Structures are given as structure tokens and as C-alpha cells.
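Undergrad:
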Amino acid sequence: MPPLVPESLPLLEQMVDALKEPTLLLDPNGRVAAANLASHEWFGTWIDGQSYVSVLRQPDLLGPVEDAFGYGRAGTAQFSHSAGAVETLFEVSVSPIAAQPGRRMVLLVFRDVSAKRNEESMRRDFVANVSHELKTPLTAIMGFIETLQGPARRDPSAQERFLGLMALETARMNRLVSDLLALSRLEGLTRRRPKDQVNLAQVLRDAVESLSMGADLAEVALRPVLPETAMVVGDRDQLMQVAMNLIENGIKYGGRPGAVDVSLVEIAREPVLRGPAWVLEVRDDGPGIPPEHLPRLTERFYRVDTGRSREQGGTGLGLSIVKHIVNRHRGRMRIDSREGRGTRVTITVPAQV
Ligand code: ADP
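With my numbering as the guide, the letters of the sequence shown map in order to residues 646 to 998.
(1) I need the straight-line Cα distance from GLY717 to PRO709, nearest angstrom please.
(2) Taking 8 Å as the cut-off, is the C-beta of ASP950 nearer than that to any heavy atom in the ligand ADP?
(3) Taking 8 Å as the limit between beta carbons, can you name the residues of its chain near GLN957, skipping five residues before and five after?
(4) What runs of the beta strand (DSSP E), each 3 residues or longer, lie entirely inside the region 755-804?
(5) Closest to ALA827 by C-alpha separation, out of ALA773, LEU884, GLU873, THR874, would be which residue?
(6) May I ask you to verify whether the region 728-743 touches the region 902-912, counting CB pairs closer than 8 Å and requiring at least 3?
(7) Suppose contacts are defined by Cβ-Cβ distances below 9 Å. Is LEU962 in contact with ARG945 by that definition?
(8) Below 8 Å, how does it come out for the region 739-751 and the region 671-686: are there three or more Cβ pairs, yes or no?
(9) Which residues bound the beta strand (DSSP E) around ALA728?
(10) Since PRO869 contacts VAL853 with CB under 8 Å, what's their CB separation in whole angstroms?
(11) Counting along the chain, where does the alpha helix (DSSP H) carrying PRO709 start and finish?
(12) One question on the structure: do THR943 and MET889 come within less than 9 Å of each other, judged by their Cβ atoms?
(13) Just the Cα atoms here: how many angstroms apart are ALA812 and THR960?
(14) For LEU669, list the residues DSSP reports as bridge partners.
(15) Do MET876 and VAL843 have their CB atoms nearer than 9 Å?
(16) Would you mind giving the Cβ-Cβ distance between ILE1001 and VAL990, rounded to the nearest angstrom? I have them listed as a contact below 8 Å.
(17) Sorry if obvious, but does the Cβ on ARG953 come closer than 8 Å to a heavy atom of the ligand ADP?
(18) Rounded to whole angstroms, what's the CA-CA distance from VAL661 to ARG756? Just pull it up for me.
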């Protein structure tokens, strides 16, 4: 039987090489005495025997390393490494190791914390966005209240107008909070597949019907071309939300007068989904979306024209919700748009076989 571990490499060395974190051992003179495979991959093989100052070249690290050598104190430091446009942030643990009396070695272990930092900054951005979105209508409402208490106190027609505006702003906040709740519920459900049998064609008919009055008022013709049945495994309410958001966007941002086509066709084998699928298309003949915005449309709060979206009662969360729902249904989503020609959103979901 071959030996479990090749004898040419000492066990300890193999163990250290197997660690994913770059790890460096500095000798009492501050030179790299040992480096594992990961640190050679990150910093290069030239580092062996070099002074840590020339290898790491970052002042944030120098203090903690000096403390470890001088006072035997353990510490941590941040270290950023850039390769081209990609910057990786490490948290480095700096540990003194007693080698001989009075002469210490220092062990540096680098932990990649970039993902954690990105998550934190995304969370911070999200909180800032939500606060801003809520603050705008709140500030308006506070202004109206002041006016109602002051200059408009005895003016019934002004009162009626301001109360109408307050109702609009409150409805906006209500929509925002509902969309936020929907998003947070969806994020919790991503890994749980929906289980119900749903007729997607009926869902689309219901959505078209409930939006038809608003579409008439906006002078937009809704033109559904749907089969009788289109069975999928899904969550009816969520599929309804997809249909409503896409058709509403067609009405809000499409041409005026204009038309929104809603179609659903089956394909026998969708290459990515590797099976039969339903393809839903919602197409408008509006001004379209400039290409540079397309990749970002499903980000939370991303809008092409913030003023226009607000004016239309948009929250900037609709497409992000759609994307989450489509993912939960193992589907695909695509947005195509030509300036001046209109926008087409295509959703593909596995058909029930
Ligand atoms: P909103 O609540 O602002 O409508 P969405 O997430 O649904 O948010 O859409 C994001 C942005 O994408 C909108 O603000 C709008 O600028 C743009 N958009 C969405 N659908 C269309 C469309 N059919 N035509 C043109 N622009 C659109």
C-alpha cells in the first residue's frame, strides 16, 4: 500500500500548504522564513527570505508586526492587495511565537474579508436608499401639515387640495413599504421552490383585466395573445406580481398613445433549462431604454429617470422583485430595448410536464 502522505514533504509543511489563507512566518530579523502555497500564489515566490517590509509595504501592518516582535503582543491589521482593477481586502492576524529566549518569530495569517466588506457596504447603501425614499414623501407631508395648520387653516379649497396631495404621498410610502416587505419575504424564500400547479395563461388574463382600466385612462391598448392553459409549478401570487409589474411598466414608460403586447408561447426544449418551457413576452412601443442602463435595471432602487419613475408612482423595486421571483421559479429573465422603438421583457419558466 502506498504511504498515506508522500514522505518527500514533511507533514507539517503539507498541512500548512493545504490552508487556503496565505500564511507567513517571519524570523527574528523580520525576514520571511516560511511561506505556504497560498502566500506564494498571492505574493509570488520571490518573497522567501525577504524582509517583511519589502514584501508587505503597507504602513498599517508595520505597527502590529513591530509590537509582536518587540513586546510579544498579538494583534490584527488590515491589508489590501490589488491585482489590476481587483482589490482584495485581508484581515491579518499577527501572532508572536517564542523561538528562543528574547528572540521572537511572528506568524501572519491573511483572511480574505472582501466579500464581507462588500456585503456590509451593500447593506449600508440599502439602508441609506430606503431612508431617502421614505424621507422624500415624509418631508412633503410635513410641509402640507404645516400649511394646513397655518396659511390654509380657513381655506376649504386649499385644504382639499393639500389633503389630496397628502393622500398621494402616503400611498407612495405605502407602496414602498409593501415592495420592501415583498422583497424581504422573497429573499427568505429563494431556496424554497414553489409547489403549486398554476395556469400562467390565466394569471396573465387576470393581470390584463385588472390593469385594463388604468391602461384605458393612459391611452394604452393592452393586447394579450395567450393560450387557454399554460401549466407551470409556481406560486400564483408571485407570478401575478411578475405579470402586474411588467405590464404596469409597459403602461407607465411606454408610448402614449401606445400599446403593450403580452404573449405566451411554449417551446419544446429550452437549451438552458433543458426541457419544455413557457416564454412570456411583455413588449411596449415606448421610447426604450439606453443600452448602458440595461444591465442595472434589476438592482434595487435603480431607475433610468428618477423623476419620471416617482411621478408615475414607481418605487424602483419592481424589476428587482420580478428578478427574485423568476429565480425562485428556476426561470430566466431578459430585457431588450431599442431607443425610440420600445422595450421587451422576456421571462422563460420551465413548463409543467
Ligand atoms: P419603478 O418602480 O421605478 O417602475 P422598476 O424596477 O419596475 O421600478 O423599473 C426600474 C426602472 O427601469 C424604471 O424606473 C424605468 O426607468 C425603467 N423601466 C422599466 N420598464 C421600462 C419600460 N418598459 N420602458 C422604459 N423604461 C422602463
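Virtual Cβ for every residue (Gly too), placed ideally from N, Cα, C.
Computed from a prediction, not measured in an experiment: that's the story for all the values here.
TA: Walking through what the data contain:
(1) 10 Å
(2) yes
(3) LYS897, TYR898
(4) none
(5) LEU884
(6) no
(7) yes
(8) yes
(9) 720-728
(10) 5 Å
(11) 704-716
(12) no
(13) 16 Å
(14) ALA680, LEU753
(15) yes
(16) It is not possible to answer for residue 1001, since the shown part of the chain is limited to 646 through 998.
(17) yes
(18) 14 Å
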